[in-house]
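As structure tokens, the structure follows; a few thoughts come after it.
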Amino acid sequence: MTAITAVPVRAYRAYLVGLPAALAATALWGFTFLGPAAVAPVNVYYLVVGRYAVFGLMSLAVLLARRGGLRTLGTRRLLTAMHLGVVGYIGFYLLLAMSAEFGGGVLASTMTGLIPLMVTLVSNRLEKVLAWRRLALPVVVISLGLLLVNSADPAGRSASDRDLVLGAVLGFLSAAAWSYFVIVNRRALRSDDRPVVDGTTWTACIGVGACLGSLFLLPLALTGSGPSPVSDAGTLWPFLAWCVALAVLGSWCATWFWNLASKRLPATVMGPVIGMEAVFGAAFNLLWEGRTPTFHEWSGGLLVVAGVLLASYLFNRAGLTPDRAPTGSARRST
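The working numbering puts the sequence shown at residues 9 to 342.
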């Protein structure tokens, strides 16, 4: 009897810790969407440079304390991690911030609902996990949800039609950048022919790459519109506070919570939960703007979440997960 009940008890405990941790990570990532609005009218390039300068300094301190882990990593994987920092952190956040600047925070944060879908589709293309026809319904549901959100009543938005289209395109590119990060990062860490990588060292290497990549944005920050964050004390101190908050909460803490959840929850649960990042981001922006969601935003957001959950359900029903490819005849049957 003890042997029979041990597994369910362990599974219950794993969910009790893992699910709140995953939700905490997505909430912290959603919190970072407030950055551009919080430091306005300072331009977004200053914010990106400031946030990842703090992240880079934290990462450098970690690497100095973990020299052994850095030697184990090797030059090739070090460069892989640093390039992921440029694409996943600088590319994603910069595109997302620009999307929020043109189309509004709710639009930008909702576009991140594409990330679970993109990761699923690309992973399925690479690993042939599930028949494409079975993915058609969640693709349609998520697309319809994003369409509803982005076609909300202009009275609830201040951006022009042109800015909304540009914001949507930038939001799509930001989702593509983060999806690339998730897929390549996973493949690099799961290489069986290399030593196991310490998670803290790997994250620190990504942070250094993000910091170095952000330096190329300095010319854009200096020539862009909007005041400098050092123009006066009333602008500087809130700006620095947001840079530190975004680096500590949105980079280190969110990643720590996500890794904690990843050790306890199956991939079929982690996939839908990451879609909550868009929901939290939209909610934080609505609170910041001091308004309630429009019918289009509310119903569209629900459809995005429903589509992500439906995609995960299909993988569960097939007895598969997005990160485990079948072999032999099972692979040919798809």
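Built from N, CA and C at the ideal position, the CB exists for glycine as well. The structure presented is a predicted model; accordingly, all values stated were derived computationally and were not measured.
Neighbourhood of residue i by C-beta distance below 6 Å, restricted to the same chain and skipping five residues each side
i, result
"Gly-215", "Phe-63, Gly-64, Ser-67"
"Leu-122", "Ala-183"
"Arg-142", "Leu-322"
"Ala-116", "Leu-104, Ser-107, Ala-108, Gly-179"
"Leu-71", "Leu-78, Ala-212"
"Pro-124", "Gly-279, Ile-282, Gly-283, Val-316"
"Ile-150", "Leu-125, Val-312, Gly-315"
"Thr-243", "Pro-237"
"Ala-30", "Ala-269, Val-281"
For residue i, the first and last residue of its enclosing alpha helix (DSSP H)
i, result
"Arg-299", "First-last for Arg-299: undefined, no H or E at that position."
"Gly-8", "There is simply no residue 8 to check, as the chain begins at 9 and stops at 342 in what is shown."
"Tyr-53", "52 to 73"
"Val-216", "207 to 222"
"Ile-40", "Sequence check: residue 40 is Thr here, not Ile. Run containing Thr-40: none; DSSP gives neither H nor E here."
"Cys-251", "241 to 255"
"Gly-96", "No alpha helix (DSSP H) contains Gly-96, which DSSP labels as neither H nor E."
"Val-114", "113 to 119"
"Arg-143", "Position check: residue 143 holds Leu in this sequence, whereas Arg was assumed. Counting along the chain, Leu-143 falls outside any alpha helix (DSSP H), and DSSP gives it neither H nor E."
Nearest candidate by alpha-carbon position, reference residue i, set the options
i, options, result
"Pro-235", "Leu-31, Val-52, Thr-34", "Val-52"
"Ser-233", "Gly-43, Tyr-54, Arg-170", "Tyr-54"
"His-91", "Leu-310, Trp-250, Ala-29, Ala-218", "Ala-218"
"Arg-21", "Leu-311, Leu-310, Ala-269, Leu-295", "Ala-269"
"Leu-172", "Arg-133, Thr-118, Thr-128, Leu-134", "Thr-118"
"Gly-38", "Leu-295, Thr-231, Val-177", "Leu-295"
"Arg-194", "Pro-44, Thr-40, Arg-85", "Arg-85"
"Leu-24", "Glu-305, Cys-251, Arg-272", "Arg-272"
"Leu-102", "Thr-40, Ala-139, Leu-244, Ser-239", "Thr-40"
Beta-carbon proximity list for residue i, same chain, < 8 Å, skipping 5 on both sides
i, result
"Tyr-188", "Val-95, Gly-96"
"Leu-36", "Leu-257, Gly-258, Cys-261, Ala-262, Phe-265"
"Leu-155", "Gly-308"
"Leu-310", "Gly-153"
"Arg-74", "Asp-206, Thr-208, Thr-209, Ala-212"
"Thr-300", "Leu-294"
"Cys-251", "Leu-55, Gly-58, Arg-59, Ala-61, Val-62"
CB of residue i within 8 Å of CB of residue j, strictly
i, j, result
"Gly-315", "Pro-146", "yes"
"Ile-191", "Val-130", "yes"
"Ala-196", "Thr-88", "yes"
"Arg-59", "Leu-254", "yes"
"Ala-56", "Pro-237", "Before going on, a small fix: residue 56 reads as Val here, not Ala. Their beta carbons are not under 8 Å apart, which means Val-56 does not touch Pro-237 by this criterion."
"Phe-247", "Val-47", "yes"
"Gly-175", "Phe-100", "no"
"Ala-290", "Thr-128", "no"
Proximal residues to residue i (C-beta, below 7 Å), its chain only, five neighbours per side dropped
i, result
"Thr-34", "Val-281, Ile-282, Met-284, Glu-285, Phe-288"
"Met-126", "Ala-183, Ala-184, Ser-187"
"Gly-221", "Gly-93, Val-94, Ile-98"
"Ser-341", "Caution is warranted here: a pLDDT of 36 is assigned to Ser-341, below 50, making its placement in the model unreliable, and no coordinate value can be reported."
"Ala-32", "Phe-265"
"Leu-226", "Val-57"
"Pro-44", "Val-52, Leu-55, Ala-105, Ala-108, Glu-109"
Buried/exposed call for residue i, threshold 16 Cβ in 10 Å
i, result
"Gly-26", "buried"
"Phe-292", "buried"
"Pro-28", "exposed"
"Gly-82", "exposed"
"Phe-303", "exposed"
"Pro-162", "In this prediction, Pro-162 has a pLDDT of 46, which is less than 50 and means its spatial position is unreliable; what the coordinates show is noted afterwards. Exposed, because fewer than 16 other Cβ atoms sit within 10 Å of the Cβ of Pro-162."
"Thr-10", "Model confidence at Thr-10 stands at a pLDDT of 44, short of 50, so the residue's coordinates are unreliable and nothing is read from them."
"Leu-42", "buried"
"Gly-112", "buried"
heavy atom of the ligand GTP below 7 Å from residue i C-beta
i, result
"Ala-139", "You won't find the ligand GTP in this model; it holds no ligand whatsoever."
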